[in-house]
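Contents: one structure, followed by commentary.
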Amino acid sequence: DVVMTQSPLSLPVTLGQPASISCRSSQSLLYSDGDTYLNWFQQRPGQSPRRLIYKVSNRDSGVPDRFSGSGSGTDFTLKISRVEAEDVAVYYCMQGTHWPPTFGQGTKVEIK
Amino acid sequence: EVQLLESGGGVVQPGGSLRLSCAASGFTFSNFAMSWVRQAPGKGLEWVSAISDGGGTTYFADSVKGRFTMSRDNSKNTVYLQMDSLRAADTATYYCVKEDSDEPGVDPSFEHWGQGALVTVSS
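These protein sequences, in sequence, are chains A and B.
Numbering-wise (the working numbering), the first sequence opens with residue -16 and increments by one.
Numbering-wise (the working numbering), the second sequence opens with residue 3 and increments by one.
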């Protein structure tokens, strides 16, 4: 199975400051159709996961534009341009290029 | 609006069985594959199983293969997870997740999740 490695695992951030989460895969996530199936999920305390970003950089409907995704091959990044209180959550990357789908360990974003 | 509502969670002894159900609405259920993803208390997300739109194909994580089965009833818009020979390590919240295609495989998407059903395996 493809191993997804996130860093850091804990990220204290000051309100209004940027945050960045790295996700690395053990194999390239570029599929033969030219797409890269790397998604990002947000899980707030006590809630189900919510998809934020799909195929590396596409924001889901209703996701604030302070969230952005980038990367290619095996290296990917989720950025929050200015952290707000409602962004306190655990963030997971997930690959869907290789079967079975696999998730990163999660990065906990908290307010400093 | 897509809605997924899990039920059937509870406490079961090691070696016991439990069946989870997931009732779907807001989309044409028979056109889409479905998955189960679980999360142990305080831990990360783990894909468990998937089923094709017609129910003819199922897939399982190695950790549950041979113990769990997945099925669906398209007339009831419901998918099931039958869990047998349960172990303490199976203790988790189980989420029902809609896929974007008819067959599990590339790009499971996982855009829509249920609220989860808690399964506790303990004596």
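By construction, the Cβ of each residue, glycine as well, lies at the ideal position given by its N, Cα and C atoms.
Predicted, not measured: the structure shown is a model, and the values here were computed from it.
Is it buried or exposed, residue i, if we count other Cβ atoms within 10 angstroms and call 16 or more buried?
{"i": "lysine 100 of chain B", "result": "buried"}
{"i": "arginine 34 of chain A", "result": "buried"}
{"i": "arginine 21 of chain B", "result": "exposed"}
For chain B, is any of its Cβ atoms less than 8 Å away from the one on residue i?
{"i": "serine -10 of chain A", "result": "no"}
{"i": "proline 32 of chain A", "result": "yes"}
{"i": "tyrosine 74 of chain A", "result": "no"}
Report all residues from its chain with a CB closer than 6 Å to the CB of residue i; omit the five preceding and five following residues, and keep chain order.
{"i": "threonine 60 of chain B", "result": "Ile53 and Met72"}
{"i": "arginine 69 of chain B", "result": "Asp86 and Ser87"}
{"i": "arginine 27 of chain A", "result": "Ala72"}
{"i": "tyrosine 97 of chain B", "result": "Val39, Trp115, Gly116 and Gly118"}
Let me know the secondary structure DSSP gives residue i once reduced to three states.
{"i": "alanine 68 of chain A", "result": "helix"}
{"i": "phenylalanine 62 of chain B", "result": "strand"}
{"i": "aspartate 92 of chain B", "result": "helix"}
{"i": "phenylalanine 112 of chain B", "result": "coil"}
{"i": "serine 32 of chain B", "result": "helix"}
{"i": "valine -14 of chain A", "result": "coil"}
{"i": "alanine 42 of chain B", "result": "coil"}
{"i": "asparagine 76 of chain B", "result": "coil"}
{"i": "glutamate 101 of chain B", "result": "coil"}
{"i": "glutamate 93 of chain A", "result": "strand"}
Look at residue i and residue j and say whether their C-beta atoms are less than 8 Å apart.
{"i": "serine 9 of chain A", "j": "valine 39 of chain A", "result": "no"}
{"i": "valine -4 of chain A", "j": "valine 46 of chain A", "result": "no"}
{"i": "cysteine 24 of chain B", "j": "valine 66 of chain B", "result": "no"}
Which residues in the same chain as residue i place their Cβ atom closer than 8 Å to its Cβ, once the five residues preceding and following it in sequence are excluded?
{"i": "aspartate 102 of chain B", "result": "Phe34, Asp109, Pro110, Ser111 and Glu113"}
{"i": "proline 16 of chain B", "result": "Leu88, Arg89, Ala90, Val123, Ser124 and Ser125"}
Quick one: residues in its chain with C-beta nearer than 7 Å to the C-beta of residue i, no 5 flanking neighbours on either side, listed in chain order?
{"i": "alanine 94 of chain B", "result": "Arg40, Gln41, Ala42 and Val121"}
Check whether the Cβ of residue i lies closer than 8 Å to any Cβ atom in chain A.
{"i": "serine 124 of chain B", "result": "no"}
{"i": "phenylalanine 29 of chain B", "result": "no"}
{"i": "glutamine 15 of chain B", "result": "no"}
{"i": "serine 87 of chain B", "result": "no"}
{"i": "proline 43 of chain B", "result": "no"}
{"i": "tyrosine 96 of chain B", "result": "no"}
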